[in-house]
Amino acid sequence: MKFDVDKDGYYGSFGGAYIPEMLYPNVEELRSKYLSIIQTSDFVEEFQSLLKSYVGRPTPLYLAKRLSEKYQASIYLKREDLCHTGAHKINNTIGQILLAKRLGKQKIIAETGAGQHGVATATVCALMGMECIVYMGKHDMERQRPNVERMRILGTTVVPALSGSMTLKDATNEAMRHWINNPTDTHYIIGSVVGPHPYPDMVARFQSVISEEIKNQLLTEIGNPFPDYVLACVGGGSNAAGAFYHFLNDEHVHLIGVEAGGHGVDSGESAATTALGKPGILHGSKTLLMQTVDGQVVEPYSISAGLDYPGIGPLHAHLFETGRVEFMSVTDDEAMVAGIELSRTEGIIPAIETAHAVAALAKLPLEREDCVVINLSGRGDKDLETYIRWGKY
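In our numbering, the protein residues as written are 3 to 395.
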């Protein structure tokens with residue numbers, strides 16, 4: 003594929019593995035073994051069996067009739083919110099826990115922002131009987147309390163990150179420090195298409211089941227596997243990578259990545275990386291990130307904990323640089339209005355991350371014959387407190 007990672011772990015000029023020497027054995031073990039393991043027949047069989055019987059795949063592709071009527075186009079929702087644990091994150095954690103077992107690891111660590119990846123990691127660790135520690139920013143722990151308690155009920159230790167803005171970036175820093183100190187028995191389940199190679203490629207492969215299903219379902223639904231638009235929110239970018247994956251070489255399919263504009267791109271409180279970022283090194287890879295003139299990471303802001311990240315994965319940086327994906331930003335208020343709109347037109351309360359993608363509908367030049375797929379990456383149960391505090395409904 004034109005947009006595949008190369009042998010050195012790069013997508014165009016982005017990617018690679020920029021890591022401390024002490025992490026090299028961990029990352030090199032993964033790089034040298036992941037493809038041979040995940041392509042074996044026994045891995046594929048176990049992965050697909052769990053996706054079907056445990057996760058609940060395939061998830062439905064739902065024609066949102068009232069939303070379609072409003073926007074005068076055929077709008078389908080890919081219902082990742084119906085996955086076990088309530089989001090797409092479980093696709094990746096199932097894949098990585100199976101890989102970790104085959105590598106002989108006994109312990110799992112992870113980072114989480116909105117808590118959905120943390121819950122998905124805690125879930126598969128409970129399923130496989132493995133010890134689990136999840137790092138989460140103290141600020142995110144406060145605004146995503148239900149997910150913190152879900153992780154604890156599942157037997158996971160949740161450790162607060164107390165540095166910086168106490169959000170996803172800081173939780174990732176803490177998880178990487180832990181991995182450096184525990185290199186032999188521990189696997190780090192990164193939750194997005196970020197980090198050193200091979201993580202971006204590995205996570206994208208596990209999430210690609212989303213676009214694989216979309217093509218098959220559209221073929222059944224309308225006789226054509228290709229929509230006109232695919233929309234997905236982008237923080238680090240795993241749900242978008244999964245939704246875009248099998249359409250990347252189909253240039254006639256418009257791919258739209260929606261970032262968190264926060265209080266506005268120029269407000270100083272935003273997480274719109276493609277608008278504000280420049281190339282640099284973040285969490286082990288060369289990518290686009292928000293940074294000061296002297297290279298210090300700028301603290302991101304979003305009402306959504308899952309989009310509150312100062313960079314994007316290297317695949318997305320490459321897709322932005324080449325123009326294959328159009329990136330746009332949506333403000334807090336636009337996202338919240340769209341979340342309430344979806345709730346009241348379709349009876350589906352979306353995660354606030356997903357609400358950003360829904361809000362982008364109003365920014366597209368849609369025509370009546372257009373077919374639009376929105377990756378509904380998560381459900382809004384975890385965000386009820388944020389909806390309540392916002393209060394405009």
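A virtual CB, placed ideally from N, CA and C, is assigned to each residue, including glycine. Model, not experiment: these values are computed from the prediction.
C-beta atoms of residue i and residue j nearer than 8 Å
i: Ala307; j: Gln146; result: yes
i: Gly264; j: Leu290; result: no
i: Pro352; j: Gly382; result: yes
i: Thr169; j: Gln118; result: no
i: Leu257; j: Val267; result: no
i: Ala474; j: Ile212; result: Limits of the chain in this structure are 3 at one end and 395 at the other, which puts residue 474 out of reach.
i: Ala116; j: Glu271; result: no
i: Gly315; j: Val196; result: yes
i: Phe228; j: Thr276; result: no
i: Glu133; j: Ile110; result: yes
i: Ser194; j: Ser240; result: yes
i: His180; j: Gly380; result: no
i: Lys72; j: Thr347; result: yes
Cβ neighbours of residue i in the same chain (closer than 6 Å, five flanking residues each side left out)
i: Leu1; result: Summary: the structure shown does not reach residue 1, with the chain confined to residues 3 through 395, and so no result is reported for it.
i: Leu53; result: Arg59
i: Arg370; result: Gln74
i: Glu113; result: Tyr137, Ala173, Thr174, Ala177
i: Ile77; result: Ala66, Leu69, Ser70, Val374
i: Ile192; result: Tyr201
i: Met338; result: Trp392
Rounded separation between residue i and residue j - CA only
i: Met204; j: Thr95; result: 11 Å
i: Pro220; j: Pro27; result: At residue 220 the sequence reads Leu, which differs from the Pro that was named. Taking the straight line from one Cα to the other gives about 43 Å.
i: Asn183; j: Leu101; result: 21 Å
i: Val29; j: Asp335; result: 40 Å
i: Asp142; j: Leu105; result: 31 Å
i: Phe49; j: Met138; result: 27 Å
i: Glu253; j: Arg152; result: 41 Å
i: Gly282; j: Ala362; result: 28 Å
i: Ile390; j: Gly238; result: 26 Å
i: Val232; j: Gly349; result: 21 Å
i: Ser304; j: His358; result: 11 Å
i: Met24; j: Tyr36; result: 20 Å
i: Phe45; j: Tyr201; result: 18 Å
i: Asp372; j: Val57; result: 31 Å
i: Thr61; j: Ala242; result: 16 Å
i: Leu156; j: Val150; result: 10 Å
i: Ser43; j: Asp10; result: 26 Å
i: Glu323; j: Ile216; result: 26 Å
i: Gly14; j: Phe5; result: 8 Å
i: Arg81; j: Leu344; result: 13 Å
i: Thr333; j: Phe249; result: 27 Å
i: Gly259; j: Met130; result: 34 Å
i: Ser167; j: Cys235; result: 22 Å
i: Tyr395; j: Asp83; result: 22 Å
i: Val31; j: Asp296; result: Strictly speaking, residue 31 in this sequence is Glu, with Val absent from that position. Each residue's alpha carbon lies about 34 Å from the other.
i: Lys365; j: Ser38; result: 43 Å
i: Asn218; j: Val255; result: 15 Å
i: Ile135; j: Ile92; result: 16 Å
i: Gly97; j: Glu47; result: 11 Å
Whole-Å CB distance - residue i paired with residue j, under 8 Å assumed
i: His199; j: Arg33; result: 6 Å
i: Lys103; j: Thr188; result: Contact flag wrong, Cβ pair sits at about 13 Å.
i: Glu261; j: Leu309; result: 7 Å
i: His320; j: Phe16; result: 5 Å
Chain-order list of residues whose beta-carbon lies under 7 Å from that of residue i (same chain, five-residue window excluded)
i: Leu164; result: Lys140
i: Glu223; result: Leu63
i: Val1; result: Any answer about residue 1 is impossible in this case: the structure gives the chain only from 3 up to 395.
i: Pro22; result: Ile182
Buried/exposed call for residue i, threshold 16 Cβ in 10 Å
i: Thr123; result: buried
i: Thr158; result: buried
i: Gln41; result: exposed
i: Ser287; result: buried
i: Tyr247; result: buried
i: Leu386; result: exposed
i: Asp8; result: exposed
i: Arg207; result: buried
i: Val360; result: buried
i: Glu384; result: The question names Glu, yet the displayed sequence has Lys at residue 384. Result: buried.
i: Thr388; result: buried
i: Pro302; result: buried
i: Ser331; result: buried
i: Asn251; result: exposed
i: Gly225; result: exposed
Residue i CB to nearest heavy atom of the ligand PLP below 7 Å
i: Arg33; result: No copy of the ligand PLP occurs in the structure displayed, which carries no ligand at all.
Residues near residue i in its chain [Cβ-Cβ closer than 8 Å; skip 5 each side]
i: Arg154; result: Val160
i: Gln293; result: Gly279, Lys280, Gly282, Val299, Val300, Pro312
Closer than 8 Å to chain C by CB, residue i
i: Tyr36; result: The chain labelled as chain C is not found in the depicted structure, where only one protein chain is given.
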